[in-house]
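Residue numbers (the UniProt record's numbering): 1 to 858. Only one structure is covered here, and it is reproduced in the block below.
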Amino acid sequence: MEAVYVSLLSPVASAIYIICFLNLLYRACVEAYNIRLYAINEYGRVIHEFDPYFNYRAAEYLWANGSARFFKWFDYMSWYPLGRPVGTTIYPGMQFTSVWIKQFILPDWSINDICCFVPCWFGVAATLATAALCYTAVQSSAVFTALIMAVVPAHLLRSVGGGYDNESVATTAMQLTFWFWTWTVSSKNTTRATILGVVTGFMYFYMVAAWGGYVFVINLVGIHALFVLLLRKVPFNHLYCSYTSFYAVGTLLAMQIPVVGLTPIKSIEQLGPFGVFVGLQALQLMLVSERKFPKVNKWKVRGMVCLAAAIVAMPVVFWLHSSGYFGPISSRVRGLFVKHTKTGNPLVDSVAEHQAASKEAYFQYLNIICYLAPIGFGIVAMIGCTPASSFLIVYGLAAYFFSLKMVRLILLAAPIASICGGIFLGYFWAWSIGGIFGEAQVKRSDPLWVRAIRLGVGAYFIKYSLPKANEFKQMCHQIAKQISHPTIITKGQNRQTGETVVVDDYREAYFWLRDKTPEDARIMAWWDYGYQITGIGNRTTIADGNTWNHEHIALLGRILTGPEKDAHRIARHLADYVLVWAGGGGDDLAKSPHLKRIANSVYRGLCSEPTCRDFSMRRGGIPSEQLSDSLLYKLHSNGIVSGVQADPNRWKEVFRSKYGKVRIYKILSVSKESKEWVENNRVCDAPGSWYCPGQYPPALEKILAERKDFAQLEDFNTKSEDSEYQKQYFENLNNKGSRAASQPSQAELAKKQAGFKKLPDETIDELNKKWDDNEKTSMMWEIIKNSERDEFMSVLSTNPELAHMRSKDGRGPIFWAHEYGRSGMIQVLRKLGVSEERGDVNGVKPTEITHSSIKGSI
1 MEAVYVSLLS
11 PVASAIYIIC
21 FLNLLYRACV
31 EAYNIRLYAI
41 NEYGRVIHEF
51 DPYFNYRAAE
61 YLWANGSARF
71 FKWFDYMSWY
81 PLGRPVGTTI
91 YPGMQFTSVW
101 IKQFILPDWS
111 INDICCFVPC
121 WFGVAATLAT
131 AALCYTAVQS
141 SAVFTALIMA
151 VVPAHLLRSV
161 GGGYDNESVA
171 TTAMQLTFWF
181 WTWTVSSKNT
191 TRATILGVVT
201 GFMYFYMVAA
211 WGGYVFVINL
221 VGIHALFVLL
231 LRKVPFNHLY
241 CSYTSFYAVG
251 TLLAMQIPVV
261 GLTPIKSIEQ
271 LGPFGVFVGL
281 QALQLMLVSE
291 RKFPKVNKWK
301 VRGMVCLAAA
311 IVAMPVVFWL
321 HSSGYFGPIS
331 SRVRGLFVKH
341 TKTGNPLVDS
351 VAEHQAASKE
361 AYFQYLNIIC
371 YLAPIGFGIV
381 AMIGCTPASS
391 FLIVYGLAAY
401 FFSLKMVRLI
411 LLAAPIASIC
421 GGIFLGYFWA
431 WSIGGIFGEA
441 QVKRSDPLWV
451 RAIRLGVGAY
461 FIKYSLPKAN
471 EFKQMCHQIA
481 KQISHPTIIT
491 KGQNRQTGET
501 VVVDDYREAY
511 FWLRDKTPED
521 ARIMAWWDYG
531 YQITGIGNRT
541 TIADGNTWNH
551 EHIALLGRIL
561 TGPEKDAHRI
571 ARHLADYVLV
581 WAGGGGDDLA
591 KSPHLKRIAN
601 SVYRGLCSEP
611 TCRDFSMRRG
621 GIPSEQLSDS
631 LLYKLHSNGI
641 VSGVQADPNR
651 WKEVFRSKYG
661 KVRIYKILSV
671 SKESKEWVEN
681 NRVCDAPGSW
691 YCPGQYPPAL
701 EKILAERKDF
711 AQLEDFNTKS
721 EDSEYQKQYF
731 ENLNNKGSRA
741 ASQPSQAELA
751 KKQAGFKKLP
761 DETIDELNKK
771 WDDNEKTSMM
781 WEIIKNSERD
791 EFMSVLSTNP
801 ELAHMRSKDG
811 RGPIFWAHEY
821 GRSGMIQVLR
831 KLGVSEERGD
841 VNGVKPTEIT
851 HSSIKGSI
């Protein structure tokens, strides 16, 4: 009778399990979609940030012109006067996906609207793909993985509505590739392994098309294949068919993407997986030779095969290396392995998202998963190494290593952290709840005390875990709201009337450019804003957010940070208008030291040393002589700071946004001769070709002759003077405090901190009523952003009132310290009486600020 009862119970229990599984999976998908809609619900269907505007513009071009013209698109509206071949330098997967959605699914939607929703849709897809990867290794934990992945902030950062970033689609493509790979390598026969390997190759092709992070994917799969080979967990023939079919199909397809080309077999970063592929072919040749010559000693056969392979390979590799066939490691990849946190390229180093991750960043974007994931990882390592679970081990170690090196790559840790956290929850849930509902309870095979313990643990687990899960969900929604405020448009509150106001200065400026300037107008602005100038303003820009031409960006930096008169002599040959961000903690004045460093890296001698310490704000918000003479300072502070005026014979202010965040100047005495020369002197690589780059006008030949092409640290033939420049660059970066006349000792710093005086409460209240953008706010923002602790202590020891100042957006030092994770600075500000209860213009408190170094640039 008991056996019959058990047999009847099993189908019922299975049905209940399936229903619950599907219900929770559906809820995870709904949650993944809804949590990404905050920006769209509040601000409408607006593209965010900088890079997404380039992606959107590319999608519009693809839809309007088709794929043939897209891949031959030479954009003359960016990187003036050179232009840029977009079709051959872009990862087009996201654009093709968006156009496909419009063509076949949502024909009535605009490309703009589809681009806004793509991150939301693919947030759901990534949730399902990550759950599928977990299901391949540990079936019982898949639904917990989905519930975590749906809302984990590390993934939200690149997938909120309006954030049309490559990673929003690439995360799904990456997880699909991993899922199919684990499925492939777990196959029971060679035919299935080959078929699934081909499918995995197509998934990898989509990943390559979507994002440059495909290098991580191919290396991870290659390492795992080698790992499985060494563990001997999979029959060699199965592994051989799996990896060979995947690598051959995936690589051949990847090479069809113009931006990739031959890099899979040329780039040092990708030679590892290629080496695994070649190694497997050699092993297969050994096995075939052993079968063909059964009477010959197998070690002798293996030795002959290895010798033959070496005889063929060594001269080929030597010849390829000596001919320069193999490309160097890129500066960004190199930055993941160097000892310091800088790459040697001031352009790359200036981008905040390339900085190393801190433990605070991990906790902020993974929260309680930081504690659950290591336990889940341990469970995977201990339960036995299957082909699928061994991949999770390799994935976990690689994702942690790279995310630790670069804060932006915490995104890579989101899926595996969700999986490991889900595995812990799944195992613990199965163990504790199994004692109540499982067959063990029916058969009564366990002792009473064991079942009692499992029952108690299960009850406690439910009681404790559900509130914690709800707390985690609320935290994720809170962060989702914070990161869903686009920088291009914000909402605030009028301090006098309490009325909600929309601060739309940046789009207002771009709309003005679109409506009030000639169609052929050329706009000079720092490279960050180029994507928005072309995407919204539909006007030609000198540079955009791409980093392909360091020397051109350096020329732009030289103009903006050079003396006003010298800057005009160059600018009149390149642009018609100059646009500057002139308000808020991160305006152009605050960024200007980075601009100067970039300029100096190519035009040596602009500064007395590589980090340009003589181009900065001094204590008390006083600009250095170089800074005060610069064009950027004159245009930024014109008519605002007493005694500062832009030369009216060279510049005419034609636009100032409602809240003063953007100012646009018309360049006077523009050279029509140079403009016409650029239009008529493009150089095509062949008659009738689409590839026709522009040239600098002859009037700039003397300036351009002064430049020194920037030598990356990874360049093989770096000259001695370049090495000396890099050495001094790093020494000075690591010694930021020497801006002062002498470097204060630790004892002196401690003495200064002990001597800090808290201002009277009445004075603090008065200071907090004054919200303004000025040199002092810019100086403090830069000090905190760059973590210049000694300078921070010195400034506040003599000027404690600076701790309480606030910019027009209501934010000040305590906000920026939280934003960039400067815990030591936060302690000092608290000691000076700075309140963390005062909100900014949006009512956001400092403690609610999201660590911003993971997203956005300088």
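For each residue, glycine too, the CB sits at the ideal point set by N, CA and C.
Run the proximity test for residue i: is its beta-carbon closer than 7 Å to any non-hydrogen atom belonging to the ligand PLP?
| i | result |
| --- | --- |
| T89 | The model depicted lacks the ligand PLP and carries no ligand whatsoever. |
Which residues does DSSP list as the beta-bridge partners of residue i?
| i | result |
| --- | --- |
| Y665 | V578, E653 |
| V501 | G492 |
| P85 | F74 |
| R806 | W771 |
Here's the rule I'm using: 16 or more other beta-carbon atoms within 10 Å means buried, otherwise exposed. How should residue i be labelled?
| i | result |
| --- | --- |
| K167 | Note on identity: in this sequence residue 167 is Glu, with Lys being the wrong assignment. Buried, since its Cβ has 16 or more Cβ neighbours within 10 Å. |
| S110 | exposed |
| I598 | buried |
| F815 | buried |
| A150 | buried |
| K134 | A small fix is needed here, since residue 134 is Cys in this sequence, not Lys. When all chains shown are included, C134 counts as buried. |
| I18 | exposed |
| F104 | exposed |
| D165 | buried |
| C684 | exposed |
| R539 | buried |
| K468 | exposed |
| Y371 | exposed |
| C607 | buried |
| R36 | buried |
| V662 | buried |
| D772 | exposed |
| M94 | buried |
| S242 | buried |
| S447 | In the sequence on display, residue 447 carries Pro and not Ser. Exposed, since its Cβ has fewer than 16 Cβ neighbours within 10 Å. |
| W79 | buried |
Quick check: what's the CA-CA separation for residue i versus residue j?
| i | j | result |
| --- | --- | --- |
| S657 | R650 | 21 Å |
| residue 943 | Q284 | This structure gives no information on residue 943, because the portion of the chain shown stretches from 1 to 858. |
| T99 | A210 | The sequence given here has Val at residue 99, not Thr. Straight-line Cα distance between these residues: approximately 14 Å. |
| C120 | S465 | 27 Å |
| A430 | V380 | 15 Å |
| L796 | K757 | 10 Å |
| V450 | L425 | 20 Å |
| A393 | R811 | The sequence given here has Ile at residue 393, not Ala. Cα to Cα, the separation comes out at about 43 Å. |
| P415 | I368 | 15 Å |
| P800 | K776 | 12 Å |
| W181 | A126 | 16 Å |
| T500 | S835 | 23 Å |
| W527 | V30 | 38 Å |
| G737 | N768 | No answer about G737 holds up, because its pLDDT of 46 lies below 50 and its placement is not dependable. |
| E471 | V670 | 60 Å |
| K666 | K652 | 5 Å |
| G163 | A13 | 43 Å |
| L196 | T184 | 5 Å |
| K591 | E782 | 8 Å |
| C115 | V199 | 27 Å |
Is residue i close to chain C? Criterion is C-beta to C-beta, closer than 8 Å.
| i | result |
| --- | --- |
| E31 | Of the protein chains in the structure, only one exists, and it is not chain C. |
Problem set entry | Length-filtered (3 minimum) beta strand (DSSP E) runs lying within the region 227-280 | Qualifying beta strand (DSSP E) stretches: none in this window.
**Request:** Just list the beta strand (DSSP E) runs in the region 95-158, keeping only unbroken ones of 3 residues or longer that don't cross its boundaries, in chain order.
**Result:** Fully enclosed beta strand (DSSP E) runs of 3 or longer: not present.
4 or more residues per run - each alpha helix (DSSP H) lying fully within the region 585-644
588-602, 625-629, 631-637
Whole alpha helix (DSSP H) runs in the UniProt domain "STT3/PglB/AglB core" (523-577) with 4 or more residues, listed along the chain?
530-535, 550-561, 564-571
Original post:
Are the region 16-32 and the region 455-465 touching by the rule of at least three beta carbon pairs closer than 8 Å?
Top reply: no
- Okay, do the region 143-161 and the region 176-195 touch, 3+ Cβ pairs below 8 Å being the bar? no
Practice prompt. Evaluate contact between the region 255-263 and the region 307-316, counting only Cβ atoms and requiring at least three cross-stretch pairs below 8 Å.
Written response: no
Exercise. Given 8 Å as the limit, is there contact between the region 65-75 and the region 505-512, that is, 3 or more CB pairs closer than that?
Worked result: no
Q.
Quick check: the region 690-700 against the region 600-620, are at least 3 beta-carbon pairs closer than 8 Å?
A. In this structure the region 600-620 does not lie against the region 690-700, because fewer than three pairs of beta carbons, one per stretch, are closer than 8 Å.
Touch test, the region 521-531 against the region 575-584, Cβ-Cβ under 8 Å, three pairs minimum: yes
- Task: May I ask you to verify whether the region 191-210 touches the region 238-250, counting CB pairs closer than 8 Å and requiring at least 3?
- Result: yes
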